[in-house]
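Data block below; observations after.
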């Protein structure tokens, strides 16, 4: 299978079951909402090293937020709802509560599994906090030096998918980067997903375990171009750089849609082929076959 | 769903007590059975059909196509459905209601929505005294739901309110929010004397200046984010028109009542 002349390998991305939440941050301006969201999603690339994966889902116009102010939607993923609660409370507490003008709301109100967020952060108010029930949802008003921080008491947590991915095998580093940037730009329009790595792109894909050290993950030597000739390389001739795009989503359908949008955008001149990372289907619950996903996409 | 239509006939000068008129008490009954439902007049029990012409079998949707200002307890305790009165209602309309929607196109007598637990009570005209309030001897007034008044409200609006939302388009009488425990009252017009006297917690919001008790203290002038949320809910969910300048405006916050717990607040919109 080829898209725009780029070979699509007959392989699959192996994705994992996770738990996810959506936080809607609003601010006096879009810039302040974005600022809080950016801080909140820092150091959240991999659940292995960062305890969670988080990213900005997108900006929201004022008429799409609960309080009528511009907002930014953040998705956060961990292995289970308890992990989501711990991490989202830490991050909202340190990065949103502290940020001028912001408020924070649950973006998954229909989910039956609830995690306590404002219910934890309210204690910062030292018994001066006030609650307000509006349309059946409880909010906490925490007094702060600026005025008040408003945060919803509980957030929804739902089963989610982490680790959707594809690899861009480029003839040069510049070509691989340009293709990855194009893919990220296209995938930014898909809702329900985030790309948790810097700029949405990973240059250091990993394999499970280590040859010499007691590490859970080490460099994916089979895809490192500098190791060609030293290891059993997975790289075809002519490939000199590989970049990966990792996708987490609230549903497997959203992850699939992101891949369906992103891969064709990455199929540009200078790209040799598109592949995906997997563990032979032994570890993840979801196998996202590239060619099946791309059926119907014009070649 | 076809509505059950009740047309008032010659109503007596002595108020009729007709708590039978509620969706769940009419639903499932035939037209004849609805007409046989008991009502109270003075110390005598009568039948609904003596005072109302009944059209249609009982259903979750009821329409009273006339003024029933001398009928008490319409929709009291209702839990579901929709009851529309194309005129005024007497005392205790929607009192202790738990769900559904009661729409009164005219005025409502005293104790409208008293001790409401849930649902929506819309009064197109004015509400009498004690709307949404606690009955004497009760520890709590309204504990949920929404009471929306298109005209003015009488005295002791939302007295001992514990939770829920009250909004009044016009002005409210004396002692609005009297002994409030929690919940929210929004007054688009002014209010009488001793507003929120004895308030423990809760929010009383006014778009016009109020005469405040000395036991309330000025805190600051700010934009309460929760209020934008509350007013947008009032506007978007309940269709209660709120001018945009109030939704995103500045408010003067007064804490009180320090004669009591002092955890409540009065928020007064300011154009400054």
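Residue numbers (this note's numbering), protein chains in the order written: chain X, 111 to 409; chain F, 1460 to 1731.
The beta carbon of each residue, even a glycine, is placed where N, CA and C say it ideally should be.
Under 7 Å, do residue i and residue j count as touching if we go by C-beta distance?
i	j	result
residue 1608(F)	residue 1579(F)	no
residue 1467(F)	residue 1511(F)	yes
residue 270(X)	residue 129(X)	yes
residue 1586(F)	residue 1571(F)	yes
residue 1616(F)	residue 1593(F)	no
residue 1657(F)	residue 1723(F)	no
residue 1557(F)	residue 1530(F)	no
residue 1548(F)	residue 1567(F)	yes
residue 1486(F)	residue 1517(F)	yes
residue 386(X)	residue 300(X)	no
residue 131(X)	residue 194(X)	yes
residue 374(X)	residue 407(X)	yes
residue 181(X)	residue 148(X)	no
residue 383(X)	residue 167(X)	no
residue 1515(F)	residue 1463(F)	yes
residue 1551(F)	residue 1532(F)	yes
Relative to the C-alpha of residue i, which residue among the options is closest?
i	options	result
residue 140(X)	220(X), 172(X), 294(X) and 241(X)	172(X)
residue 1652(F)	1619(F), 1659(F), 1671(F) and 1537(F)	1671(F)
residue 341(X)	355(X), 358(X) and 321(X)	321(X)
residue 258(X)	1570(F), 1680(F), 1463(F) and 1521(F)	1680(F)
residue 235(X)	229(X), 222(X), 246(X) and 252(X)	252(X)
residue 1666(F)	1567(F), 1729(F) and 1495(F)	1729(F)
residue 154(X)	219(X), 218(X), 187(X) and 375(X)	187(X)
residue 125(X)	291(X), 365(X) and 202(X)	365(X)
residue 1560(F)	1481(F), 1634(F) and 1620(F)	1481(F)
residue 239(X)	246(X), 228(X), 245(X) and 247(X)	228(X)
residue 174(X)	1543(F), 1515(F), 1502(F) and 1688(F)	1688(F)
residue 284(X)	297(X), 381(X) and 147(X)	381(X)
residue 289(X)	276(X), 303(X), 244(X) and 376(X)	376(X)
residue 1648(F)	1664(F), 1655(F) and 1639(F)	1664(F)
residue 1506(F)	1492(F), 1603(F) and 1691(F)	1492(F)
residue 1716(F)	1546(F), 1725(F) and 1499(F)	1725(F)
residue 1696(F)	162(X), 246(X) and 163(X)	246(X)
residue 162(X)	394(X), 305(X), 209(X) and 280(X)	305(X)
residue 314(X)	214(X), 352(X), 338(X) and 115(X)	352(X)
residue 138(X)	1684(F), 1508(F) and 1650(F)	1684(F)
residue 279(X)	344(X), 221(X), 316(X) and 211(X)	344(X)
residue 1704(F)	1690(F), 1714(F) and 1712(F)	1690(F)
residue 1565(F)	1635(F), 1618(F) and 1610(F)	1610(F)
residue 1601(F)	1497(F), 1633(F), 1526(F) and 1642(F)	1642(F)
residue 1413(F)	1622(F), 1702(F), 1562(F) and 1654(F)	Because chain F in this structure spans residues 1460 to 1731, residue 1413(F) falls outside the shown range and cannot be described.
Span of the alpha helix (DSSP H) holding residue i?
i	result
residue 295(X)	283 to 297
residue 376(X)	362 to 376
residue 1690(F)	1684 to 1695
Tell me whether residue i is buried or exposed, calling it buried when 16 or more other Cβ atoms sit within 10 Å of its Cβ.
i	result
residue 346(X)	exposed
residue 152(X)	exposed
residue 1638(F)	buried
residue 177(X)	buried
residue 204(X)	exposed
residue 158(X)	exposed
residue 254(X)	exposed
residue 249(X)	buried
residue 394(X)	buried
residue 1469(F)	exposed
residue 145(X)	buried
residue 191(X)	buried
residue 1692(F)	buried
residue 262(X)	buried
If I follow the unbroken beta strand (DSSP E) through residue i, where does it start and stop?
i	result
residue 328(X)	327 to 329
residue 204(X)	Counting along the chain, residue 204(X) falls outside any beta strand (DSSP E), and DSSP gives it neither H nor E.
residue 125(X)	122 to 136
residue 269(X)	268 to 280
residue 1728(F)	1723 to 1729
residue 402(X)	Note, residue 402(X): premise wrong, no beta strand (DSSP E); alpha helix (DSSP H) at 400 to 403.
residue 1644(F)	1643 to 1646
### Query
What residues in the region 347 to 381 of chain X bring their beta carbon closer than 9 Å to a beta carbon of chain F?
none
### Task
Compile a chain-ordered list of the residues in the region 1667 to 1691 of chain F whose CB is closer than 8 Å to at least one CB of chain X.
1679, 1681, 1682, 1683, 1684, 1685, 1687, 1688, 1689 and 1691
### Query
Relative to chain F, which residues along the region 267 to 285 of chain X have a C-beta separation below 9 Å, given in chain order?
none
#### Entry: Cβ-based contacts, 7 Å cut-off: residues of the region 213 to 226 of chain X near chain F
213
### Task
Closer than 8 Å, Cβ to Cβ, to anything on chain F: give me those residues from the region 224 to 257 of chain X, in chain order.
240, 242, 243, 244, 245, 249, 251 and 257
### Task
Can you give me, in chain order, the residues of the region 165 to 186 of chain X that have a beta carbon less than 9 Å from any beta carbon in chain F?
176, 177, 178 and 179
### Query
Name the residues in the region 1693 to 1718 of chain F whose C-beta lies less than 8 Å from a C-beta of chain X; which are they?
1696, 1706 and 1707
### the region 183 to 211 of chain X: positions lying closer than 8 Å to chain F by Cβ
none
#### Entry: Contact residues within the region 1543 to 1565 of chain F, judged by C-beta distance below 8 Å to chain X
none
### Query
Between the region 1607 to 1622 of chain F and chain X, which residues of the former have a C-beta closer than 9 Å to a C-beta of the latter?
1622
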